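Novice:
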Amino acid sequence: RLARLDGAERAAGPTLATGVAVALILREQTLATGKVVFVRRLRAKLGADLLAVYQTGVQYHFYHTLALLAVALLMLLARQSLLLKWSGNLFAIGIVIFSGSLYVLAISGVRWLGAITPIGGVAFMAGWICLALAAWNWK
């Protein structure tokens, strides 16, 4: 719930927002540059099969990070829901187990880590089910 700002606070708002925006843009540019260098080195080091495993981890990490952001927005805009909390927690657990195990498998080549990846996939599915149930119960 947002409180109304008085005139003095409102005048300082754009300055702070501009500073935060500039800091975030610089951070993203730095991260993007680092990612390009990392991916080039990774591509040279990994074979095509392990690079595909790594890319799958990145793809699912990306999608479920967006899902986490959506859950966070829903929790801010709507009343607190236990299903939304579970959904967010399950998405986070899924990212760590599913994507994390794929990252470690691709970089280290330790194949047994592929056996725990489906646990993260189950967490993802349970998170989507909780989110769907929360939407179904939306009032």
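Under our numbering, the sequence shown has 130 at position 116, and the numbering climbs by one with no breaks. Here a beta-carbon is modelled for each residue, glycine too, at the ideal position from N, C-alpha and C. Note that this is a predicted model, so its numbers are computed, not measured.
Quick one: is Leu-104 buried, meaning 16 or more other Cβ sit within 10 Å of its Cβ, or exposed?
Specialist: buried
Novice: Do you know how far the Cα of Ala-149 is from the Cα of Ala-58?
Specialist: 45 Å
Novice: Does the contact criterion of 3 or more C-beta pairs under 8 Å hold for the region 129–141 versus the region 105–115?
Specialist: yes
Novice: Buried or exposed: Gly-102, going by 16 or more other Cβ atoms within 10 Å of its Cβ?
Specialist: Label assigned to Gly-102: buried.
Novice: Within 10 angstroms of its Cβ, does Ala-86 collect 16 or more other Cβ (buried), or is it exposed?
Specialist: exposed
Novice: Please check the pair Ser-115 and Gly-134, which I expect to be a contact at CB under 8 Å, by giving their CB distance rounded to whole angstroms.
Specialist: 7 Å
Novice: Using 8 Å for Cβ pairs, my map puts Ala-120 next to Tyr-77. What's the rounded Cβ distance?
Specialist: About 18 Å separates the two Cβ atoms, so there is no contact after all.
Novice: How long is the line joining the alpha carbons of Trp-126 and Ala-84, rounded to whole angstroms?
Specialist: 33 Å
Novice: Short of 7 Å in beta carbon distance, which residues of its chain neighbour Asp-20, apart from the five on each side in sequence? Order them along the chain.
Specialist: Low local confidence applies: a pLDDT of 47 at Asp-20 is under 50, so the model's placement there is unreliable, with the coordinate-based value given in what follows. Cβ within range, chain order: n/a, list empty.
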